[in-house]
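Going line by line, the protein sequences match chains C and U. Quick note on numbering: the first sequence equals residues 1 to 155 in the UniProt record's numbering. Quick note on numbering: the second sequence equals residues 1 to 155 in the UniProt record's numbering. Report on the following structure.
Number of protein chains: 2
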Amino acid sequence: MANTEKVALSIGEVSARTGLTTPTLRFYEQEGLLPPVRRNAAGRRVFTEGDVAWLEVCAKLRSSGMPLPEIRRYADLVREGAGNEAERFEILRRHEERVQQQVTDLQEALSVIHAKVEIYARHLVAGTADELWRNGPECDRVPDWSADSAQLGEA
Amino acid sequence: MANTEKVALSIGEVSARTGLTTPTLRFYEQEGLLPPVRRNAAGRRVFTEGDVAWLEVCAKLRSSGMPLPEIRRYADLVREGAGNEAERFEILRRHEERVQQQVTDLQEALSVIHAKVEIYARHLVAGTADELWRNGPECDRVPDWSADSAQLGEA
DNA sequence: ATTTGACTTCAAGTCGACTTGAACTCCTAG
DNA sequence: CTAGGAGTTCAAGTCGACTTGAAGTCAAAT
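In structure tokens, the structure reads:
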């Protein structure tokens, strides 16, 4: 109803606004993330503000790792209209959980990495004359085998 | 020197302990993340505790998205020994930054997703009789074209 | 003595999400 | 009137990181 739906956008403009490339936009349409997009007389795609808004949602879902088939399913449900909210909720909730887990895992990795960064940073300001550094940081040594002759039980 | 380096582990045991599959372990060796692993008389790989520790570092770097070539470079530097700490630092610091950015992005996506989850949750407890729900959540509507005839400037 | 299970190598296949290429159509500007 | 730029389709290619398959070796258990 609002004038906003009357604004006609070319694929290039949508690309500029969403950050998705034009091939990606066509690909998303083909994959059913978007319903078949309107065409003008010349057969070119005509997008609306509503499309852009929806594409931004899709982009967020994708960038947080939701697989295309799952986004397609969600899009289908939304398009179907009222009555399937439980499944939509389920999809989003599951994804939220996964992303939360992902954040947690990354933060754990981050703390390991940060610890190493700190160690190197301290070493570098201390300079090469650092006495506690003879063989590099305790934390981090690619094993090499010069002084080891253990065998695996000959099995 | 410690006894810990004398413990001999089979590829299966290392797999169990690191969570990396045996093909992945061979692949990592081949890719130079690990120096060529010792073999016993039968030609089988013999890993040490030190290998496991290093593999755990690699696994953290990988799971946080560091590409194999970069991990290989880092491994090479560590193996090379003292004198290249500045580059090691650089690699880790850059990666830390990327991961930090990734976390930030995920958290932003998370807030969008969580908002939607909340909307659906509220709708579902309110039940179908919800009056403000005629056409689904404002936030989230796959545009369909039934009532729109805007054209792209015939270009 | 043979079967089992864990290991070996090497090559080839898989996966998802795009990206790229080739060939074509339009419209506008010079 | 032709050159450019943006669009179109369809098919094929790319990427990284593994995974899988085929074929073989070896040592212990039945």
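Note that beta-carbon positions come from the ideal geometry of N, C-alpha and C, so glycine has one too.
Problem set entry | Segments of 4+ residues assigned as alpha helix (DSSP H) that fall wholly inside the stretch 22-60 of chain U | Uninterrupted alpha helix (DSSP H) stretches at least 4 residues long and entirely within the stretch 22-60 of chain U occur at 22-30, given in chain order.
For this session: Could you work out which residue in U:V52, U:L34, U:L20 is closest to A8 (chain U) when comparing CA atoms only?
Result: Counting from one through the second sequence, the residue named residue 8 (chain U) turns up at place 8. Selected option, being the one with the closest Cα: U:V52.
Exercise. Going along chain U in order, which residues have a C-beta closer than 8 Å to the C-beta of K110 (chain C)?
Worked result: Numbered from its first residue, the first sequence carries residue 110 (chain C) at position 110. Residue 110 (chain C) is actually Leu in this sequence, not Lys. Per Cβ cutoff of 8 Å: S64, E96, V99, Q100, V103.
For this session: Could you confirm whether any beta carbon from chain C is found closer than 8 Å to the beta carbon of Y28 (chain U)?
Result: For the purposes of this step, residue 28 (chain U) is taken as residue 28 along the second sequence, with counting starting at 1. Y28 (chain U) does not count as touching chain C.
Exercise. Comparing the C-beta of V125 (chain U) with each C-beta of chain C, is any distance below 8 Å?
Worked result: Taking the second sequence and counting its residues from 1, the one referred to as residue 125 (chain U) is at position 125. Not one chain C Cβ lies under 8 Å of V125 (chain U).
Exercise. For E56 (chain C), which residues of its own chain have a beta-carbon under 7 Å away from its beta-carbon, when the five flanking residues on both sides are left out?
Worked result: Translated into positions along the first sequence, residue 56 (chain C) becomes position 56. Sequence-distant partners of E56 (chain C) (beyond 5 residues in either direction) whose C-beta falls short of 7 Å from its own C-beta, in its chain, are T18.
Exercise. Can you tell me the Cα-Cα spacing of residue 156 (chain U) and T104 (chain C), whole angstroms?
Worked result: Not covered by the structure: residue 156 (chain U). The range shown for chain U is 1 to 155.
Exercise. With 16 other CB atoms within 10 Å as the buried threshold, where does S125 (chain C) fall?
Worked result: Here residue 125 (chain C) refers to the residue found at position 125 of the first sequence. At residue 125 (chain C) the sequence reads Val, which differs from the Ser that was named. The residue is exposed, with fewer than 16 neighbouring Cβ atoms inside 10 Å.
For this session: Quick one: using the 10 Å Cβ neighbour count with 16 as the cut-off for buried, is T21 (chain U) buried or exposed?
Result: The residue given as residue 21 (chain U) occupies position 21 in the second sequence. Its Cβ having fewer than 16 others within 10 Å, T21 (chain U) is exposed.
Exercise. Would a check of beta-carbon distances place R93 (chain C) closer than 8 Å to chain U?
Worked result: By one-based count along the first sequence, residue 93 (chain C) stands at place 93. For R93 (chain C), the answer is yes, since a Cβ of chain U falls inside 8 Å of its Cβ.
Exercise. By the criterion of Cβ-Cβ separation under 8 Å, what are the contact partners of V117 (chain U) in chain C?
Worked result: Residue numbering aside, residue 117 (chain U) sits at position 117 when the second sequence is read from its first letter. The answer, in chain order, is F89, L92, R93, E96.
Problem set entry | Cross-chain neighbours of I113 (chain C) in chain U, by beta carbon under 8 Å | Here residue 113 (chain C) refers to the residue found at position 113 when the first sequence is read from its first residue. Contact note: I113 (chain C) reaches chain U through K60, L61, S64, L92, H95, E96, V99, using a C-beta cutoff of 8 Å and chain order.
Problem set entry | Close beta carbons around R38 (chain U), own chain, < 6 Å, minus the five adjacent residues each side | Mapped onto the second sequence, residue 38 (chain U) falls at position 38. These residues qualify, in order along the chain: V46.
Exercise. Got a sec? Which residues, its chain only, sit under 6 Å from L61 (chain U) by beta carbon, not counting five neighbours each side?
Worked result: Working through the second sequence from its first residue, we reach residue 61 (chain U) at position 61. The answer, listed in chain order, is I71.
Exercise. Is the distance from the Cβ of V117 (chain U) to the Cβ of F89 (chain C) below 8 Å?
Worked result: On the second sequence, position 117 is the one that residue 117 (chain U) refers to. On the first sequence, position 89 is the one that residue 89 (chain C) refers to. A contact, by the Cβ cut-off of 8 Å.
Exercise. With a CB to CB cut of under 6 Å and the five nearest residues on each side skipped, what residues in its chain are close to A16 (chain C)?
Worked result: By 1-based counting over the first sequence, the position of residue 16 (chain C) is 16. Excluding the 5 residues flanking it on each side, A16 (chain C) has no same chain C-beta neighbour closer than 6 Å.
Exercise. So what's Q151 (chain U) in DSSP terms, helix, strand or just coil?
Worked result: Residue 151 (chain U) sits at position 151 when you count from the first residue of the second sequence. The predicted position of Q151 (chain U) is uncertain, since its pLDDT is 30 and thus under 50; a value taken from the coordinates is nonetheless stated next. Reduced to three states, the DSSP call for Q151 (chain U) is coil.
Exercise. Can you tell me whether V14 (chain U) is buried or exposed, with buried defined as 16 or more other CB within 10 angstroms of its CB?
Worked result: Along the second sequence, read from residue 1 onward, the residue named residue 14 (chain U) stands at position 14. Around the beta carbon of V14 (chain U), a 10 Å sphere encloses 16 or more other beta carbons of the protein chains shown; the residue is thus reported as buried.
For this session: Please decide whether A16 (chain C) counts as near chain U, where near means a Cβ-Cβ distance under 8 Å.
Result: What you label residue 16 (chain C) is simply residue 16 of the first sequence in a count that begins at 1. Look at A16 (chain C): its C-beta is not under 8 Å from any C-beta on chain U.
Exercise. R111 (chain C): buried (16+ other C-beta within 10 angstroms of its C-beta) or exposed?
Worked result: Here residue 111 (chain C) is taken as the residue at index 111 of the first sequence, counted from 1. Reading off the sequence, residue 111 (chain C) comes out as Ser, not Arg. Burial call: exposed.
Exercise. Does the separation of the CB atoms of S64 (chain C) and L106 (chain U) fall below 8 Å?
Worked result: Counted from its first residue, the first sequence places residue 64 (chain C) at position 64. Counted from its first residue, the second sequence places residue 106 (chain U) at position 106. The answer is yes: Cβ separation under 8 Å.
For this session: Output the distance between the C-alpha atoms of E31 (chain C) and A75 (chain C), rounded to the nearest integer angstrom.
Result: Numbered from 1 along the first sequence, position 31 holds the residue referred to as residue 31 (chain C). Numbered from 1 along the first sequence, position 75 holds the residue referred to as residue 75 (chain C). A straight-line Cα-Cα distance of about 11 Å links E31 (chain C) and A75 (chain C).
Exercise. From U:K6, U:G43, U:N40, U:R73, pick the residue whose C-alpha is nearest to that of Y28 (chain U); which is it?
Worked result: Counted from its first residue, the second sequence places residue 28 (chain U) at position 28. Out of U:K6, U:G43, U:N40, U:R73, U:R73 has the C-alpha closest to the C-alpha of Y28 (chain U).
For this session: Please confirm if L106 (chain U) has its CB atom under 8 Å from at least one CB of chain C.
Result: Within the second sequence, residue 106 (chain U) is the residue found at index 106, counting from 1. Cβ-Cβ to chain C under 8 Å: yes for L106 (chain U).
Exercise. Listed from N- to C-terminal order along the chain, which residues in the stretch 68-79 of chain U have their beta-carbon within a distance smaller than 7 Å of any beta-carbon of chain C?
Worked result: Taking 7 Å as the Cβ-Cβ cut-off against chain C, the residues of the stretch 68-79 of chain U that qualify are A75, V78, R79.
For this session: Rounded to whole angstroms, what's the CA-CA distance from R93 (chain U) to R122 (chain C)? Just pull it up for me.
Result: Against the second sequence, residue 93 (chain U) aligns to sequence position 93. Against the first sequence, residue 122 (chain C) aligns to sequence position 122. Using only the alpha carbons, I get a separation of about 13 Å.
Exercise. Straight-line CA distance for E87 (chain U) to Y120 (chain C)?
Worked result: Counting from one through the second sequence, the residue named residue 87 (chain U) turns up at place 87. Counting from one through the first sequence, the residue named residue 120 (chain C) turns up at place 120. As the crow flies, the alpha-carbon of E87 (chain U) is around 10 Å from that of Y120 (chain C).
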